[in-house]
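As numbered in my numbering, residues 7 to 82 make up the sequence shown, in order.
Every residue, glycine too, gets a C-beta built ideally from N, C-alpha and C.
Below: one structure, written as structure tokens.
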Amino acid sequence: MFRLFLFLMSYGLLILSVGNLILYLNYRTLGYTWLVVFKFMAQTSAFYLAIASAVVLCAVVLDLGYDKTLNEKDKM
């Protein structure tokens, strides 16, 4: 159940932060260059939140960090 919660939270945060980053592309219509816009996007907290949520989402989907082997005392 905890993995489902992590999946839903990281997916929601990823969608919100990437959506926010897409809105920053409107600065291009104000005359800023692509380089300036991408530098600005890389400095925002939404960018870091998107990276962190993508890492958590991949870890949950790929089942990383969970040891499936049983210990000797668990077999009894």
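>> Tell me whether the region 53–61 and the region 14–31 touch, counting them as touching only if at least three CB pairs, one residue from each stretch, are closer than 8 Å.
In response: The count of Cβ pairs closer than 8 Å, one atom from the region 53–61 and one from the region 14–31, reaches three, so the stretches are in contact.
>> Once DSSP output is grouped into helix, strand and coil, what is the label at MET30?
In response: Note on identity: in this sequence residue 30 is Tyr, with Met being the wrong assignment. Three-state DSSP puts TYR30 in a helix.
>> Can you tell me where the alpha helix (DSSP H) holding LEU41 begins and where it ends?
In response: 40–48 is the span of the alpha helix (DSSP H), which, as asked, contains LEU41.
> Between which two residues does the alpha helix (DSSP H) carrying LEU55 extend?
Replying inline: Taken as a continuous stretch (DSSP letters only), the alpha helix (DSSP H) holding LEU55 covers 51–67.
> With DSSP run on the structure shown, which of helix, strand or coil describes MET7?
Replying inline: In this structure, DSSP gives MET7 a state outside helix and strand, which the three-state scheme calls coil.
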